[in-house]
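> In this note's numbering, the protein residues as written are 10 to 271.
Questions regarding the structure given below will be posed in turn.
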Ligand code: ADP
Ligand code: MG
């Protein structure tokens, strides 16, 4: 669909708000809409993307890349659902000899391997998540309506803004009852791009190692497709054009021996 990889990190401030679940379902919705998607589990300390997808272990993982023993392209696996995944190693000693600073290069090496890269991140706003926020084009926040989660989400948004990473918006997850949308938008100062209701089918699918979008048929299904449509919408296409121009400009600068600062 496109020549340039669009890199989006799914972040929060707080753990357990639904990042991994949202990443997986959004990835499948994007795939169903024609995009070639890679999902990367960058939550190296407590990875669970593979687990949620019923994939216990892939021969090569992100850990091998961060250890310098594999190229990122060797770690991409196509899941039975159609989405491509890169998992992190769940073993206890998996963090041995890891250099997380290699993540920037690894992400950029995925250029031309897909249309969209969705990155699932760790629970807290630690240095690893900050590296990811620096490396991507945009972030999407996931939060629930708990005061603490919203306060932590705001902190993450401000961090992203400080380092000039675009905040696409926020997905409010596990909503029960009526949502004070305006109040939350005002507090976070970013648009709400999706509202996902609390849904037992979603937690059931996690337990079963299945993707909710593929397995169940409840109201939230359309919500994931709506967010995917927004991501692939007109502003996305406008951005692509801009990136194409920027890439051409960079190419010319490189040929002249002048390297742009990005
Ligand atoms: P995070 O990645 O932010 O730590 P998870 O995606 O692992 O969060 O979600 C934590 C738990 O909440 C999982 O068991 C998941 O199935 C469940 N969950 C996520 N979203 C919903 C929802 N909308 N309704 C019900 N359960 C949900
Ligand atoms: Mg998670």
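For each residue, glycine too, the CB sits at the ideal point set by N, CA and C.
Report all residues for which the CB-ligand distance to some heavy atom of the ligand MG is below 5 Å; order them along the chain.
That query returns the following residues: 28 and 29.
> Please state the DSSP three-state secondary structure of residue 270.
Confidence in residue 270 is poor, its pLDDT being 47 and thus under 50, which makes the residue's placement unreliable; the coordinate value appears in the next sentence. Here residue 270 sits in coil by DSSP.
> Residue 290 and residue 64 look like a contact to me (Cβ under 8 Å); what is the Cβ gap, rounded to whole Å?
Beyond the ends of the chain as shown, which are 10 and 271, falls residue 290; an answer cannot be given.
> Between residue 182 and the ligand ADP, is the CB less than 7 Å from at least one heavy atom?
yes
> Can you grab the Cα-Cα spacing for the pair residue 229 / residue 191, in whole Å?
21 Å
> Report all residues from its chain with a CB closer than 6 Å to the CB of residue 175; omit the five preceding and five following residues, and keep chain order.
147
> What residue range does the alpha helix (DSSP H) around residue 156 cover?
156-171
> Along the chain, where does the alpha helix (DSSP H) containing residue 59 start, and where does it finish?
58-61
> Going by Cα to Cα distance, which pick from 237, 55, 113 and 58 is closest to residue 74?
113
> Within this structure, are the beta carbons of residue 152 and residue 128 separated by less than 8 Å?
no
> Less than 8 Å between the C-beta atoms of residue 37 and residue 222, yes or no?
yes
> Going by DSSP in three states, residue 92 sits in which element: helix, strand or coil?
Three-state result, residue 92: coil.
> Helix, strand or coil: which one does DSSP assign to residue 83?
helix
> Looking at the unbroken alpha helix (DSSP H) that takes in residue 211, where does it start and where does it end?
209-217
> In chain order, what residues of the same chain have a beta carbon less than 6 Å from the beta carbon of residue 51, not counting five sequence neighbours either side?
Contacts found: 128, 130 and 141.
> Alpha carbon to alpha carbon, how far is residue 224 from residue 166?
33 Å
> May I have the straight-line CA-CA distance separating residue 120 from residue 16, to the nearest angstrom?
9 Å
> Where does the unbroken alpha helix (DSSP H) through residue 339 begin, and where does it stop?
What is shown of the chain runs 10 to 271, which leaves residue 339 out entirely.
> Three-state secondary structure (DSSP) at residue 14?
coil
> Which residues share a DSSP beta bridge with residue 50?
DSSP lists 129 as partners of residue 50.
> Once the 5 residues before and after residue 237 are set aside, which same chain residues still bring their CB inside 7 Å of it?
35, 38, 39 and 42
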